[in-house]
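Below is one structure, written out as structure tokens; the observations come after it.
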Amino acid sequence: MTATTPITQDLVTIPRKLPEGPVNLIGLTRPLLREALLTAGTPEKQIKMRVNQLWQWLYHWGVRDFESMTNLAKPYRAMLAENFVIALPEVVSKQVSADGTRKYLVRIAGGHEVEVVYIPEADRGTLCISSQVGCTLTCSFCHTGTQKLVRNLTPGEIVGQIMLARDDLDEWPAPGTGTGVDGPRFLSNIVLMGMGEPLYNFEGVRDAMKIAMDGEGIALSRRRITLSTSGVVPEIARAAEEIGCQLAVSFHATTDEVRDKLVPINKRWNIETLLNTLREYPRLSNSERITFEYVMLKDVNDTDDDARRLVTLIKGIPAKINLIPFNEWPGAPYQRSDWSRIEKFADIIYKAGYASPIRTPRGEDIMAACGQLKSATERARKSRAQIAQETGLS
Ligand code: SAH
Ligand code: SF4
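The sequence shown begins at 1 in full-length UniProt numbering and counts up by one.
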């Protein structure tokens, strides 16, 4: 790899010659993989076949060394080993909850850490993955939002989380065997609900999801991938067009006054602006309905009036409302609503014609529940001034 001109695909630009030696193949979309292999000297007339072969080794069989890629000639394998690596983030620790939830602490380049959570259920297994280290947004009920350090994860680090979980679940088909996509899977669903705001790492998330959705590899259907956003309005239509996965929105309040406090990005794009954008999403993305996430905070957003306002606001949008009992973390400024309150709230929504599942808190004993994720090494709290400066919201 000697050329220095960049490879461009859509909006992603990666340098042909990466500063730190060999290029990591994990995280390159098909067009980028093609470019990388061509640059390394693969003849044009072989390129299609080589991309397909490598793709299958990497993402279908989960193989991590070039030596095992037995349908490639030895000299070609040597060429690959000279120019490329197959590198995943490193699992530093794994905790298993009493309810079977698994939490992985994963170290990425630079020594930062992110958390990944696997939630087994009767009919599915959901992996909750992270898109950033920390989060620049500062939702007042969210533990991740208090983390000081923030950086975007690369596509390889995002799809790498899925691959690591599949390693742990021992879910790669044996090399040479078929897809197995029809049978039940341990890891059947992905939610981008770990650390970070996925729409503030748009290209990274998009490319990683393209790889995860590719039918000749990990092959997760776009219907089984849900991206959760706090409401980054300008990127929502783009997500519909360029990713096409299911969308969840962290709604959490029914007036701008309360939402401004809970989800400060509301000061930039308020409830009305957000809802107008959401009306278009299902049509643009071909998705069925939008999930409205609503965290139940005692005496803050949990009245009957809130429930009624919520159904009025979302009228006309194909929707499901996911009620999340607040997951407390040390020093959290809120409490979870009483169970009877949550049930009453759910009942009002249900009677208005919407599915209103109450999300069972999972993995609480290992701090793996929604909004509790924050890497152990970076527990420092941001100052108010720093938060205001970073978000431009004061
Ligand atoms: N940044 C994205 C995705 C990550 S958060 C977003 O905000 O949507 C995933 C979900 O967990 C969001 O709905 C978020 O609001 C919610 N959440 C955050 N902290 C929580 C907590 N302590 N208890 C319950 N839900 C929480
Ligand atoms: Fe960031 Fe989402 Fe937490 Fe808000 S709820 S601080 S957007 S991770």
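The beta-carbon is built from N, C-alpha and C at its ideal position, and this holds for glycine as well. The structure presented is a predicted model; accordingly, all values stated were derived computationally and were not measured.
Practice problem: Compare the beta carbon distance of L164 and P89 with 9 Å and say whether it is the shorter of the two. | Solution: The count along the sequence shown starts at 1 and reaches residue 164 at position 164. The count along the sequence shown starts at 1 and reaches residue 89 at position 89. Taking 9 Å as the Cβ cut-off, L164 and P89 qualify as a contacting pair.
Practice problem: With DSSP as the reference, label N24 as helix, strand or coil. | Solution: Your numbering for residue 24 matches position 24 in the sequence shown. Three-state DSSP puts N24 in a strand.
Practice problem: Would you mind working out which of N201, I129 and P325 sits nearest M300, comparing C-alpha positions? | Solution: Taking the first residue of the sequence shown as 1, we reach residue 300 at position 300. The question names Met, but residue 300 is Val in the sequence shown. With distances taken between Cα atoms, V300 lies closest to P325.
Quiz prompt | Check whether K103 and G331 have beta carbons under 9 Å apart | solution = Stepping through the sequence shown from its first residue, residue 103 is reached at position 103. Stepping through the sequence shown from its first residue, residue 331 is reached at position 331. No, they are not a contact pair.
Exercise. Compute the minimum distance between the beta carbon of I324 and the heavy atoms of the ligand SAH, and state whether it is under 8 Å.
Key: Position 324 of the sequence shown, counting from 1, holds the residue named residue 324. Because some heavy atom of the ligand SAH lies under 8 Å away, the Cβ of I324 counts as near it: yes.
Quiz prompt | Proximal residues to P333 (C-beta, below 8 Å), its chain only, five neighbours per side dropped | solution = By 1-based counting over the sequence shown, the position of residue 333 is 333. If we look at P333 and ignore the five residues flanking it on each side, its Cβ neighbours are S140 and F141.
Quiz item: If we count the other Cβ atoms within 10 Å of its Cβ and call it buried at 16 or more, is A36 buried or exposed?
Solution: If you number the sequence shown from 1, residue 36 lands on position 36. That one is buried.
Quiz item: With distances taken from each beta carbon to the nearest heavy atom of the ligand SF4, which residues come in below 5 Å, in chain order?
Solution: C135, L137, C139, C142, T144, G145, E197 and S230
Quiz item: Which same chain residues, not among the five before or five after L58, have their C-beta less than 8 Å away from its C-beta?
Solution: In the sequence shown, counting from the first residue as 1, residue 58 sits at position 58. Taken in chain order, the residues that qualify are L25, I26, I86 and G217.
Quiz item: Within this structure, are the beta carbons of R107 and V91 separated by less than 9 Å?
Solution: As a position in the sequence shown, residue 107 is number 107, starting the count at 1. As a position in the sequence shown, residue 91 is number 91, starting the count at 1. Yes. Within cutoff.
Quiz item: Does the beta-carbon of M296 have 16 or more other beta-carbons within 10 angstroms, so that it is buried, or is it exposed?
Solution: If you number the sequence shown from 1, residue 296 lands on position 296. Counting Cβ neighbours within 10 Å, M296 comes out buried, since at least 16 surround it.
Quiz item: Considering only C-alpha positions, which residue in the set D167, I162 and T273 is nearest to K220?
Solution: In the sequence shown, residue 220 corresponds to position 220, counting from 1. A small correction: the amino acid at residue 220 is Leu; Lys does not occupy that position in the sequence shown. Closest by alpha carbon: I162.
Quiz item: DSSP on R151, reduced to helix/strand/coil?
Solution: Against the sequence shown, residue 151 aligns to sequence position 151. Looking at R151 - three-state DSSP - the assignment turns out to be strand.
Quiz item: Looking at N327 and the ligand SAH, is the gap between the Cβ and the nearest heavy atom below 8 Å?
Solution: The residue labelled residue 327 in the question sits at position 327 within the sequence shown. Result yes, Cβ under 8 Å from the ligand SAH.
Quiz item: If you check the beta carbons only, do S285 and G244 fall under 9 Å apart?
Solution: Within the sequence shown, the letter at position 285 stands for residue 285. Within the sequence shown, the letter at position 244 stands for residue 244. Cβ distance < 9 Å, so S285 and G244 count as in contact.
Practice problem: State the start and end residues of the unbroken alpha helix (DSSP H) segment that holds E241. | Solution: The residue given as residue 241 occupies position 241 in the sequence shown. V233 to E242 is the extent of the alpha helix (DSSP H) around E241.
Quiz item: Around the C-beta of G62, are 16 or more other C-beta atoms found within 10 angstroms, so that it is buried, or is it exposed?
Solution: The residue given as residue 62 occupies position 62 in the sequence shown. So G62 counts as buried.
Practice problem: Write down every uninterrupted run of the beta strand (DSSP E) in the segment 149 to 233 whose length is 3 residues or greater and which is fully enclosed by it, in chain order. | Solution: 189 to 192 and 225 to 229
Practice problem: Would you mind giving the Cβ-Cβ distance between L105 and Q132, rounded to the nearest angstrom? I have them listed as a contact below 8 Å. | Solution: Here residue 105 refers to the residue found at position 105 of the sequence shown. Here residue 132 refers to the residue found at position 132 of the sequence shown. Not really, about 16 Å apart at Cβ, beyond 8 Å.
Quiz item: Do the CB positions of I190 and T29 come within less than 9 Å of each other?
Solution: If you number the sequence shown from 1, residue 190 lands on position 190. If you number the sequence shown from 1, residue 29 lands on position 29. No.
Exercise. Report, in whole angstroms, the separation of the C-beta atoms of M213 and R206, which I expect to be a contact under 8 Å.
Key: Walking along the sequence shown from the start, residue 213 turns up at place 213. Walking along the sequence shown from the start, residue 206 turns up at place 206. With a Cβ gap of about 10 Å, M213 and R206 do not count as contacting.
Self-check item: Neighbourhood of E67 by C-beta, 7 Å cutoff - its chain only, sequence neighbours within 5 removed
Solution: Taking the first residue of the sequence shown as position 1, residue 67 is located at position 67. Only R77 meet the Cβ criterion.
Quiz item: Does the Cβ of S356 have 16 or more other Cβ atoms within 10 Å, making it buried, or fewer, making it exposed?
Solution: Translated into the one-based positions of the sequence shown, residue 356 becomes position 356. So S356 ends up on the buried side.
Quiz item: How big is the Cα-Cα spacing for F186 and R224?
Solution: Numbered from 1 along the sequence shown, position 186 holds the residue referred to as residue 186. Numbered from 1 along the sequence shown, position 224 holds the residue referred to as residue 224. If I take the Cα positions, the gap works out to 13 Å.
Quiz prompt | Buried/exposed call for A174, threshold 16 Cβ in 10 Å | solution = Here residue 174 refers to the residue found at position 174 when the sequence shown is read from its first residue. Under this definition A174 is an exposed residue.
Quiz item: Given a threshold of 16 other Cβ atoms within 10 Å of its Cβ, counted over all protein chains shown, does Q386 qualify as buried or as exposed?
Solution: Here residue 386 refers to the residue found at position 386 when the sequence shown is read from its first residue. Only weak support exists for where Q386 lies, its pLDDT of 49 falling under 50; the coordinates are left without a value.
Quiz item: Using the rule of at least 16 other Cβ atoms within 10 Å of the residue's Cβ for burial, across every protein chain shown, is R279 buried or exposed?
Solution: Position 279 of the sequence shown, counting from 1, holds the residue named residue 279. That one is exposed.
Quiz item: Quick one: does the C-beta of M209 sit closer than 8 Å to a heavy atom of the ligand SAH?
Solution: The residue labelled residue 209 in the question sits at position 209 within the sequence shown. M209 Cβ: outside cutoff for every heavy atom of the ligand SAH.
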